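S.K.: The structure that follows is given in the form of structure tokens.
In UniProt numbering, the protein residues as written are 1 to 293.
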């Protein structure tokens with residue numbers, strides 16, 4: 001089915017009201033983005049933040065007459081001196097096919113690949129994680145996950161126990177097991193993430209070595225490696241919980257951190273851990289730390 005997009009520029013304080021107007025005039029979906037392309041990576045919990053000048057886009061069936069919609073918007077008091085808008089036609093496509101075409105096998109380090117099921121495996125003799133995008137975060141395409149996977153690829157994990165805190169799809173725990181870890185434990189607040197982790201572990205033949213828990217059920221144990229790919233806020237707030245998993249001489253890997261947040265996150269752990277040089281990809285950072293003796 002073909003579509004038409006109507007994008008309106010609105011000041012920050014009126015952006016949600018303009019979105020409501022678009023929906024009230026027949027938009028089937030509304031999205032918001034910054035007119036200057038300055039992303040908000042970590043808004044406060046429970047808050048929706050908009051930008052000083054926000055682009056509000058409504059999606060309509062292609063046959064929609066937008067003239068009355070525009071007339072209603074122009075009458076409103078929600079705009080500055082000028083009313084700026086544009087329309088875009090979206091051609092009819094096989095969107096499922098289009099979506100699938102965007103995912104390809106990706107290599108991390110020297111031997112680790114993440115492969116969607118509909119693509120041919122590039123190196124059958126490599127360590128291949130079979131993983132399709134789904135309901136839980138973690139396919140390797142985001143820099144935070146890529147940094148962690150690349151680090152894992154360079155480690156000798158033989159016989160080790162690994163905790164994946166905020167496991168999402170289970171990708172880090174599964175990678176660790178395929179790379180030689182003896183046991184992996186996935187922890188997440190989202191029940192869907194635990195289901196996804198179990199299913200992905202089954203698919204990759206490591207379900208017998210993976211345990212998954214909600215935080216209220218998480219076991220007490222010393223792990224050799226703890227990986228927490230979440231965000232800077234939770235990493236600081238849950239520092240006592242996360243570092244309690246790390247056994248003597250254990251390693252801690254943290255990602256989901258922006259470069260400007262390095263010092264704050266390190267400060268929450270430095271009494272107990274010593275940090276290596278941060279690893280950067282785009283504006284994202286991975287921190288590696290060893291428990292002090």
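All C-beta atoms in this analysis are idealised placements derived from N, C-alpha and C, irrespective of residue type, glycine included. Everything numeric in this text was worked out from a predicted model, so none of it was measured.
1) I'd like to know whether the C-beta atoms of residue 291 and residue 273 end up nearer to each other than 8 Å.
2) With H, G and I counted as helix, E and B as strand and the rest as coil, what does DSSP make of residue 136?
3) Please say whether residue 3 and residue 66 have beta carbons closer to each other than 8 Å?
4) Quick check: the segment 151-163 against the segment 191-210, are there 3 or more CB pairs under 8 Å?
5) Under the rule that 16 or more other beta-carbon atoms within 10 Å means buried, what is residue 71, buried or exposed?
6) Taking the alpha-carbon positions, what's the residue 136 to residue 191 distance?
7) Apart from the five residues on each side of it in sequence, which residues of its chain come closer than 7 Å, Cβ to Cβ, to residue 76?
8) With the cut-off set at 8 Å, would you say residue 10 and residue 54 are in Cβ contact?
9) Whole angstroms are fine: how far does the CA of residue 111 sit from the CA of residue 151?
10) What residue ranges within the segment 134-211 form continuous beta strand (DSSP E) runs of no fewer than 3 residues, ordered along the chain?
11) Identify the residues that DSSP records as bridge partners of residue 83: which are they?
M.R.: Concretely, from the data shown:
1) yes
2) Residue placement at residue 136 cannot be trusted, given a pLDDT of 47 that sits under 50; the coordinates are not used to answer.
3) no
4) no
5) exposed
6) Only weak support is given to the placement of residue 136: the predicted model assigns it a pLDDT of 47, under 50, and the value that follows is read from those uncertain coordinates. Distance between the alpha carbons of residue 136 and residue 191: 10 Å.
7) 21
8) yes
9) 12 Å
10) 161-165, 183-187
11) Answer by DSSP bridge pairing: none, since residue 83 is not bridged.
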